[in-house]
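J.: A single structure is presented below for examination.
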């Protein structure tokens, strides 16, 4: 049965009839290793109602003895594709991520609930210019936004210029690196990287933590009314959001999603 | 030993609030009883850290909302919120 | 939605704790020390810090930081267990035993109740049975791992009651209030257990 009922970008959860969120058993269609520590699960979720870029799902694991663990994961896929993709960073000391990365092969089941969220959401109808700032795995919900952006028609994209600033530890830690290079060309997204723990010799991007000088260079001038989305570890998100406001951006146009210490 | 503050934000409480209110609540505006400032719930600081959601005012740090899931009950303390304003969309006649 | 839960095969079943006798039910070991706080980190200057034990009849005993530092102190090494399921073994602390403080308070006329409310800078509170803070089971700790307790982990001083879930070990503690009858503190008001014994999985009100 197709799970490809997709909500159009204009339908917001606030305007639809309140609906109880149910746990559904999704089926793993495919897995894809993004980096050494990061894996994407491609899920087929029965009766998936569609989602908006930036939303997340809850994932629940119940062991045979009844023990339960639950975590939230941002949806990496745009609403334009039928499957729901989750990109998961494997934390060695974690309880849930090692299971998701090590134990799920195509055909396995996984309980999910969603989509969840409404504040940290962007789609083309919200306009721009658009600034996305990611730290580490904070790139995941922003990737849903970029994939949605790339799927929009050229006329819509022309009215919403988009920029991404992505901070990662090293070049090997950059998730979706090839796809971002493709999108930079194909969808005319301005993609910039900064590496904080060492760069390869030919590196042309930034080589430090995101700071005011970098955001002044990369960000849109405040009078353009830019929509900014910042996601990643708490210290990065707070630092970047504060700087954007200091640079003159309207605080209500700077949206944040904190992922905790490791992001 | 981690030394950063591990706080999250109202996005982390979106799931439990969705369960409780049957709609997304991260865009609902909450007015702080302490200082009167208003922000969307998604923007508030969440100090729950896996025990529940503790949403605090950005200005004065007072607790606006506390939410905990206990077995098959969700317990909400909204005493720190003077007004909660929830968009329910326009009715087309 | 099906009535029987979907079982995630292979989840948790392989978890073989390194120290099974030391891990309470439902817990897993961590080497990290996660920072969990109900609010922003207060920064009380030591010159303004005090610790008070008080009762409902107006009796109290208070120590300034210098007076507190002059008290006999201990260096307990203990396992700690958070209700969010992580446990950390062999944590090393330095602080004053609650027995020392309670004995002094009693001698100063403070009436003891069966329960106490610990209170902290920032407004956090947690209730405990008095029996769980006496008998060498609890400290007010100002040192961790051989150094002054960092602010993020409760410094200048926090309550340390390792045989109960760690939310009872109130960070930034400023005193204990004797209770005539048990009253719920910050998390207990929302449904967490009044006592919180991890070996009996007393996580929520109503857990036996």
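Protein chains in written order, with my numbering: chain A, 130 to 392; chain B, 27 to 119; chain C, 309 to 516. Note that the Cβ used here is the ideal one computed from N, Cα and C, for glycine as well. Note that the structure is a prediction, hence the values are computed from the model and not measured.
When you compare only the Cα positions, how much space is there between residue 338 of chain C and residue 391 of chain C?
T.: Taking the straight line joining both Cα atoms gives about 13 angstroms.
J.: Which residue comes first and which comes last in the alpha helix (DSSP H) that contains residue 288 of chain A?
T.: Segment 283 to 288, the alpha helix (DSSP H) holding residue 288 of chain A.
J.: Which residue spans inside the stretch 430 to 487 of chain C form an unbroken beta strand (DSSP E) run of at least 3?
T.: Fully enclosed beta strand (DSSP E) runs of 3 or longer: 433 to 437, 447 to 452, 466 to 468, 481 to 487.
J.: DSSP state of residue 163 of chain A, grouped into three classes?
T.: Looking at residue 163 of chain A - three-state DSSP - the assignment turns out to be strand.
J.: Out of A:248, A:234, A:378, A:365, state which residue places its alpha-carbon closest to the alpha-carbon of residue 113 of chain B.
T.: Nearest option by C-alpha distance: A:248.
J.: Report all residues from its chain with a CB closer than 7 angstroms to the CB of residue 272 of chain A; omit the five preceding and five following residues, and keep chain order.
T.: Around residue 272 of chain A: 205, 305.
J.: With a threshold of 9 angstroms between beta carbons, is residue 499 of chain C in contact with chain A?
T.: No, its Cβ sits nowhere closer than 9 angstroms to a Cβ of chain A.
J.: Taking only the alpha-carbon atoms, compute the straight-line gap between residue 141 of chain A and residue 336 of chain A and give it to the nearest angstrom.
T.: Here residue 141 of chain A scores only 43 on pLDDT, less than 50, and its place in the model is too uncertain to base an answer on.
J.: Based on the DSSP output, what are the partners of residue 294 of chain A in its beta bridges?
T.: DSSP output for residue 294 of chain A lists A:262, A:321 as bridge partner(s).
J.: Can you tell me whether residue 180 of chain A is helix, strand or coil according to DSSP?
T.: Of the three classes helix, strand and coil, the one that applies to residue 180 of chain A here is coil, per DSSP.
J.: Closer than 9 angstroms, Cβ to any Cβ of chain C: which residues of the stretch 56 to 87 of chain B, in chain order?
T.: So the close ones are 71, 73, 74, 75, 76, 77, 78, 80, 82, 87.
J.: Check whether the Cβ atoms of residue 92 of chain B and residue 245 of chain A lie closer than 9 angstroms to each other.
T.: No, these two residues do not count as a Cβ contact at 9 angstroms.
J.: Quick check on this structure: which residue in C:319, C:396, C:411, C:379 has the alpha carbon closest to the alpha carbon of residue 402 of chain C?
T.: When each option's Cα is compared against that of residue 402 of chain C, the closest is C:379.
J.: Determine the closest residue to residue 387 of chain A out of A:324, A:195, A:268, A:220, with distance taken between C-alpha atoms.
T.: Of the candidates A:324, A:195, A:268, A:220, the one whose C-alpha sits nearest the C-alpha of residue 387 of chain A is A:268.
J.: In the DSSP assignment, find the unbroken beta strand (DSSP E) run with residue 242 of chain A in it and report its ends.
T.: First-last of the beta strand (DSSP E) with residue 242 of chain A: 238 to 245.
J.: Using the Cα positions of residue 17 of chain B and residue 47 of chain B, report the straight-line distance between them to the nearest angstrom.
T.: Beyond the ends of chain B as shown, which are 27 and 119, falls residue 17 of chain B; an answer cannot be given.
J.: Skipping 5 residues on each side, what residues in its chain have a beta carbon closer than 8 angstroms to that of residue 227 of chain A?
T.: 219, 220, 221, listed in sequence order.
J.: Could you name the residues of the same chain whose beta carbon sits closer than 8 angstroms to that of residue 84 of chain B, not counting the 5 residues immediately before and after it, in chain order?
T.: Within the same chain, residue 84 of chain B has close Cβ partners 63, 65, 69, 70, 71.
J.: Would you please state the rounded distance, in angstroms, between the beta carbons of residue 303 of chain A and residue 295 of chain A? I believe it to be under 8 angstroms.
T.: With a Cβ gap of about 7 angstroms, residue 303 of chain A and residue 295 of chain A count as contacting.
J.: With 16 other CB atoms within 10 Å as the buried threshold, where does residue 53 of chain B fall?
T.: Buried is the call here.
J.: Determine the chain B residues that contact residue 512 of chain C at a beta-carbon separation under 7 angstroms, and present them in chain order.
T.: Those are 96, 97, listed as they occur along chain B.
J.: Since residue 377 of chain C is in the alpha helix (DSSP H), which residue starts that stretch and which ends it?
T.: Run containing residue 377 of chain C: 373 to 377, per the alpha helix (DSSP H) assignment.
J.: If residue 427 of chain C sits next to residue 503 of chain C, beta carbons under 8 angstroms apart, how far is it from one beta carbon to the other, in whole angstroms?
T.: About 18 angstroms separates the two Cβ atoms, so there is no contact after all.
J.: Just grab the DSSP bridge partners of residue 64 of chain B for me.
T.: B:57.
J.: Buried or exposed for residue 384 of chain A, please, with buried defined as at least 16 other CB atoms from any protein chain shown within 10 angstroms of its CB.
T.: The residue in question, residue 384 of chain A, is buried, as its Cβ has 16 or more Cβ neighbours within 10 Å.
J.: Closest to residue 193 of chain A by CA distance: which of C:320, C:328, C:372 is it?
T.: Of the candidates C:320, C:328, C:372, the one whose C-alpha sits nearest the C-alpha of residue 193 of chain A is C:320.
J.: Check the Cβ-Cβ distances between residue 314 of chain C and every residue of chain A, and say whether any is below 9 angstroms.
T.: Output row for residue 314 of chain C: interface = yes.
J.: Under a CB-based cut-off of 9 angstroms, is residue 363 of chain C close to chain B?
T.: No, residue 363 of chain C lies away from the interface with chain B (no Cβ there is under 9 angstroms from its Cβ).
J.: Rounding to the nearest angstrom, what Cα-Cα distance links residue 283 of chain A and residue 259 of chain A in this structure?
T.: Looking at the two C-alpha atoms, the distance is approximately 15 angstroms.
J.: Helix, strand or coil for residue 339 of chain A? Go by DSSP, reduced to three states.
T.: It is coil, neither helix nor strand.
J.: Between which two residues does the beta strand (DSSP E) containing residue 198 of chain A stretch?
T.: That run of the beta strand (DSSP E) goes 197 to 203.
J.: Is any beta-carbon of chain C found at less than 9 angstroms from that of residue 103 of chain B?
T.: Closer than 9 angstroms: yes.
J.: Just to confirm, are residue 104 of chain B and residue 74 of chain B a CB contact at a threshold of 9 angstroms?
T.: No, these two residues do not count as a Cβ contact at 9 angstroms.
J.: If you follow the beta strand (DSSP E) that residue 268 of chain A is part of, which residue opens it and which one closes it?
T.: Not the beta strand (DSSP E): residue 268 of chain A falls in the alpha helix (DSSP H), residues 268 to 280.
J.: Name the two residues that bound the continuous beta strand (DSSP E) containing residue 366 of chain A.
T.: Segment 363 to 375 is the alpha helix (DSSP H) holding residue 366 of chain A; no beta strand (DSSP E) there.
J.: Let me know the secondary structure DSSP gives residue 426 of chain C once reduced to three states.
T.: Strand at residue 426 of chain C.
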